[in-house]
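Enquirer:
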Amino acid sequence: MARRRSDPVRRFHQARWDEEIIYELSVPGQRGVLVPQAEKEIVDAVGDGVSVIPEALRRSTPPALPEVSQPRIVRHYARLSQETLGVDVTPDISMATCTMKYSPKVQEHIAARHPGLIHVHPLQPEETLQGLLEIFYQLEKFFCEISGLDHFSFQPGGGAHAIFTNAAIMRAYHRARGETQRDEIITTIFSHPANAAAPATAGYKVITLLPDEKGVPDLNALRAAVSERTAGLFITNPEDTGIYNPNIDAYVEAVHGVGGLCAYDQANANAVLGIARAKESGFDLCHFNLHKTFSAPHGCMGPALGALGATELLAPFLPVPRVRCHEGRYFLDEDQPRTIGRVRSFLGNVPVAVKAYAWILQHGFEGLKEVALCSVLNSNYLEAEVRKIPGVTLHYASGQRRLEQVRFSWEKLAEETGVGTEDVKRRIADFGLQHYWTSHHPWVVPEPFTLEPCESYSRDDMDEYIAVLRRISEEAYADPEFVKNAPYNSTIHRVPDQFIDDSERIAVSWRQYLKKDMGWNGAEG
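For the sequence shown, numbering that gives the first Met the number 0 begins at 0 and goes up steadily by one.
1. Leaving aside the five residues before and after residue 562 along the sequence, list all residues of the same chain whose C-beta is less than 8 Å from its C-beta, in chain order.
2. Can you give the beta carbon distance from residue 306 to residue 135, rounded, assuming they're within the 8 Å contact cut?
3. Under the rule that 16 or more other beta-carbon atoms within 10 Å means buried, what is residue 99, buried or exposed?
4. What's the C-alpha gap between residue 524 and residue 18?
5. Just how far apart, CA to CA, sit residue 129 and residue 123?
6. Do residue 289 and residue 304 have their C-beta atoms closer together than 8 Å?
7. Using three-state DSSP, classify residue 80 as helix, strand or coil.
8. How would you label residue 0, buried or exposed, when you count the other beta carbons within 10 angstroms and need 16 or more for buried?
9. What first and last residue would you give for the alpha helix (DSSP H) that runs through residue 221?
10. If you measure between the beta carbons of residue 277 and residue 308, is that distance less than 8 Å?
11. Helix, strand or coil for residue 524 per DSSP?
12. With a threshold of 8 Å between beta carbons, is residue 362 in contact with chain B?
13. DSSP state of residue 0, grouped into three classes?
14. Whose C-alpha, out of 341, 241, 452, 411, is nearest the C-alpha of residue 213?
15. If you follow the alpha helix (DSSP H) that residue 479 is in, where does it begin and where does it stop?
16. Hey, would you say residue 454 sits closer than 8 Å to residue 374, going by beta carbons?
17. Between the region 234-254 and the region 195-203, do three or more beta carbon pairs fall short of 8 Å?
18. Mapping DSSP to helix, strand and coil, what is residue 296?
19. Quick one: Cα of residue 506 to Cα of residue 253, how far?
20. Tell me where the beta strand (DSSP E) around residue 165 begins and ends.
21. Quick one: grab the DSSP three-state call for residue 122.
22. If residue 204 sits next to residue 183, beta carbons under 8 Å apart, how far is it from one beta carbon to the other, in whole angstroms?
23. Using DSSP with H/G/I as helix, E/B as strand and the rest coil, what is residue 428?
24. Check residue 64 in the structure and name its three-state DSSP category.
25. Determine whether the beta carbon atoms of residue 404 and residue 451 lie at a separation below 8 Å.
26. Entirely within the region 228-286 and at least 3 residues each: give me those beta strand (DSSP E) ranges in chain order.
27. By a C-beta neighbour count over all protein chains shown, 10 Å radius and 16 as the cutoff for buried, is residue 139 buried or exposed?
28. When you compare only the Cα positions, how much space is there between residue 31 and residue 70?
29. Less than 8 Å between the beta carbons of residue 330 and residue 125, yes or no?
30. Using the beta-carbon count (16 or more within 10 Å), is residue 463 buried or exposed?
31. Just checking my contact of residue 527 with residue 440 at CB under 8 Å: how many whole Å lie between their CB atoms?
32. Can you look up residue 468 in the DSSP assignment and give me helix, strand or coil?
33. Determine the contact status of residue 324 and residue 146, defining contact as a CB-CB distance below 8 Å.
34. Residue 157: buried (16+ other C-beta within 10 angstroms of its C-beta) or exposed?
Structure, rendered in structure tokens:
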């Protein structure tokens, strides 16, 4: 067991560099590496790679890429890394519903970066992709067992994309039955917002259910909402409060009773691996976020993959291509007359799928179940200690256990000191803990903060986090203005967020920045 410090709160001060952005470091003629030029006979044989592009599609001038020497670019990115917190530096328990678990390095270096993978081209003949296709074929079998559903697609580029794809599958299914009047989707306020946003983007009217006193969506409200216009239900369970709905099968039954379909958002599946499955609750569709539950990992809010599951009834509508196997040979099947088509190019996010495949193989069935058990144990320990902190309260389901996360509230602290959750969010950076997440909007729980330790974090990690929250609470009661003026030890002291929605100031590219903030008119080239 690790030696425990007498004070779990660490001394910390973030590095702060007055660092230019990469384009400002550019000096004409500088190079980090000289790109080798193809020999003339090779160019004559295979072409220069440019002349085959139609003239109308070619750039009139080369891209204005930064020209920087190798030592300078190494220092540049090393300094930026010193101004950044991440899972390799500090526990990220406070990223909540993102399930920010530790991802074993073997997945990255042995699996995802294997030469046999990184040198593959998606347009190679199938005969040369047998190993990769076998991984996808076996991964589908794994997820069929984990969920109980019959088929999976790994094309969607994340959870929201998988939800959108499920909405498209629902539409295709109902249209095939001649039920074109089904234009309503039902979801809940504590399900992930994409369960409303993605179907709305697909053209559906969305009905959102609110929770009852137990924190779960009201079943009678659902029964009142369903009709012959109901296309389906999109629901997360456990929801982002951490409360599991034990009667979820009754909700599915109510929607099935009017001819609708049910899609299970399993982005919070970390708590139920090997314990509860979509099949036993009666769901027709589901999705898992491989960059969350299956440790792909999260890299700057991605890269993502939404593994989409369906019953046999809905299999004809799944995206193509499907990976098949016949007499030991793997191939891509696009001959699916009722498919909704492609939702992403080629097979999808291949490295993420390979990382998840490796992670599942490392754990096996019993290991996946232990992931859930440890996750719930950690969350309940964290809840028991955090709720003792002055100013912290919990809404809904008094006395009930949550599962793998908890949505807490600083409502009492705000009432008694004027310090709210956004103030705590800024102060927490002074202790070397990264992004502290409040909740989705709207804030149904006042002054919220959501914690999810998953299975990755030790008791020492959680005790450090608890101690920091307790210290901030003590500071708020002793000197509220001190907390409100934080952070003091971070890279910057206060983010000027008043411009975040100002279209006249937002610049998502170097050219936009030059135009909007520097007055550049493009005449300089």
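All C-beta atoms in this analysis are idealised placements derived from N, C-alpha and C, irrespective of residue type, glycine included. Values in this document were obtained by computation on a predicted structure and should not be read as measured data.
Expert: Straight from the coordinates:
1. Residue 562 lies beyond the range of the chain shown here (0 to 524); nothing can be said about it.
2. Translated into the one-based positions of the sequence shown, residue 306 becomes position 307. Translated into the one-based positions of the sequence shown, residue 135 becomes position 136. Not a contact, Cβ separation roughly 11 Å.
3. The residue labelled residue 99 in the question sits at position 100 within the sequence shown. So residue 99 ends up on the buried side.
4. In the sequence shown, the residue the question calls residue 524 occupies position 525. In the sequence shown, the residue the question calls residue 18 occupies position 19. At residue 524 the pLDDT is 46, less than 50, meaning the model places this residue with poor confidence and gives no usable figure here.
5. Along the sequence shown, one-based indexing puts residue 129 at 130. Along the sequence shown, one-based indexing puts residue 123 at 124. If I take the Cα positions, the gap works out to 11 Å.
6. Numbered from its first residue, the sequence shown carries residue 289 at position 290. Numbered from its first residue, the sequence shown carries residue 304 at position 305. Cβ distance < 8 Å, so residue 289 and residue 304 count as in contact.
7. For the purposes of this step, residue 80 is taken as the residue at position 81 of the sequence shown. The answer is helix: DSSP assigns residue 80 an H, G or I state.
8. Taking the sequence shown and counting its residues from 1, the one referred to as residue 0 is at position 1. Because residue 0 sits at a pLDDT of 48, beneath the cut-off of 50, its placement in the model cannot be relied upon, and the point is left open.
9. Taking the first residue of the sequence shown as 1, we reach residue 221 at position 222. Note, residue 221: alpha helix (DSSP H), 218-224.
10. What you label residue 277 is simply residue 278 of the sequence shown in a count that begins at 1. What you label residue 308 is simply residue 309 of the sequence shown in a count that begins at 1. Yes.
11. The residue given as residue 524 occupies position 525 in the sequence shown. Unreliable placement is indicated for residue 524, whose pLDDT of 46 sits below 50; no coordinate value is reported for it.
12. Among the protein chains of the structure shown there is no chain B, as only one such chain exists.
13. Taking the first residue of the sequence shown as 1, we reach residue 0 at position 1. Its pLDDT being 48, under 50, residue 0 is placed unreliably in this model, and the value from its coordinates should be taken loosely. Three-state result, residue 0: coil.
14. One-based indexing of the sequence shown puts residue 213 at position 214. With distances taken between Cα atoms, residue 213 lies closest to 241.
15. Sequence index remark: in the sequence shown, residue 479 carries index 480 (1-based). Segment 479-483, the alpha helix (DSSP H) holding residue 479.
16. Looking up residue 454 in the sequence shown gives position 455. Looking up residue 374 in the sequence shown gives position 375. Cβ distance < 8 Å, so residue 454 and residue 374 count as in contact.
17. no
18. To locate residue 296, count along the sequence shown from 1; it is residue 297. Residue state, collapsed to three classes: coil.
19. Locating residue 506 in the sequence shown gives position 507, where the first residue counts as 1. Locating residue 253 in the sequence shown gives position 254, where the first residue counts as 1. Using only the alpha carbons, I get a separation of about 48 Å.
20. Within the sequence shown, residue 165 is the residue found at index 166, counting from 1. Note, residue 165: premise wrong, no beta strand (DSSP E); alpha helix (DSSP H) at 158-175.
21. Start at 1 with the first residue of the sequence shown, and residue 122 comes out as number 123. Three-state DSSP puts residue 122 in coil, outside helix and strand.
22. Residue mapping note: residue 204 aligns to position 205 of the sequence shown, counting from 1. Residue mapping note: residue 183 aligns to position 184 of the sequence shown, counting from 1. Confirmed, Cβ separation roughly 5 Å.
23. The residue given as residue 428 occupies position 429 in the sequence shown. Helix, per DSSP.
24. Within the sequence shown, residue 64 is the residue found at index 65, counting from 1. The answer is coil: DSSP assigns residue 64 none of H, G, I, E or B.
25. Against the sequence shown, residue 404 aligns to sequence position 405. Against the sequence shown, residue 451 aligns to sequence position 452. Contact flag set, yes.
26. 229-235, 260-264
27. Here residue 139 refers to the residue found at position 140 when the sequence shown is read from its first residue. Under this definition residue 139 is a buried residue.
28. The residue labelled residue 31 in the question sits at position 32 within the sequence shown. The residue labelled residue 70 in the question sits at position 71 within the sequence shown. The alpha-carbon atoms of residue 31 and residue 70 are separated by roughly 8 Å.
29. As a position in the sequence shown, residue 330 is number 331, starting the count at 1. As a position in the sequence shown, residue 125 is number 126, starting the count at 1. For residue 330 and residue 125, yes; Cβs fall inside 8 Å.
30. Residue 463 sits at position 464 when you count from the first residue of the sequence shown. By the neighbour-count rule (16 or more Cβ atoms within 10 Å), residue 463 is buried.
31. Past the boundaries of the shown model lies residue 527; the chain is included only from 0 to 524, so the question cannot be answered.
32. Against the sequence shown, residue 468 aligns to sequence position 469. If DSSP states are grouped into helix, strand and coil, residue 468 belongs with the helices.
33. Along the sequence shown, one-based indexing puts residue 324 at 325. Along the sequence shown, one-based indexing puts residue 146 at 147. Result no, Cβ atoms of residue 324 and residue 146 do not sit closer than 8 Å.
34. Here residue 157 corresponds to residue number 158 of the sequence shown, with the count starting at 1. When all chains shown are included, residue 157 counts as buried.
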